[in-house]
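Chemist: This structure is in structure tokens; I'll ask about it shortly.
Shown next as structure tokens:
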């Protein structure tokens, strides 16, 4: 392995994206392409891949890690959930989309991209994390 060339400081962005049950099953079965056809995931990925600071690694754009998970919640009577009914625990198949924003990125462009994610997200309360504490991304020669 080469020497460490540099350290890049970036902020982590995580989007908890609901998936159709059929998409989740296809992904679990090894069909990685299935996420591209999921209505919600396709919207989120399109935003990350658009011309904005999300996932910008210079020579690579739209860099995103995709993990599978389950979200559990109990809607209250005041909720308007996209899945589940009031008072009953619900489980949502979910993709966790993790991307990064360079620490030096234009804050207004970052805000605009995060707003696009929030507006496209179908949940009444989107789970989108923006970590204010930079992580260090290691490059090698």
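In the working numbering, the protein residues as written are 1126 to 1266.
By construction, the Cβ of each residue, glycine as well, lies at the ideal position given by its N, Cα and C atoms.
Quantities reported herein were computed from a predicted structural model and do not represent experimental measurements.
Specify the secondary structure class of residue 1168 as computed by DSSP and reduced to three states.
Modeler: Here residue 1168 is taken as the residue at index 43 of the chain shown, counted from 1. Note: residue 1168 maps to helix in three-state DSSP.
Chemist: Can you look up residue 1157 in the DSSP assignment and give me helix, strand or coil?
Modeler: Here residue 1157 corresponds to residue number 32 of the chain shown, with the count starting at 1. Here residue 1157 sits in helix by DSSP.
Chemist: Residue 1173: which of 1246, 1199, 1262, 1261 sits nearest, CA to CA?
Modeler: In the chain shown, counting from the first residue as 1, residue 1173 sits at position 48. Ranking 1246, 1199, 1262, 1261 by Cα distance to residue 1173 puts 1246 first.
Chemist: My parser needs the alpha helix (DSSP H) runs of 4 or more residues fully inside the region 1168 to 1201; what are they?
Modeler: Fully enclosed alpha helix (DSSP H) runs of 4 or longer: not present.
Chemist: Does residue 1170 pass the burial test, meaning 16 or more other C-beta atoms within 10 Å, or should it be called exposed?
Modeler: Within the chain shown, the letter at position 45 stands for residue 1170. So residue 1170 counts as buried.
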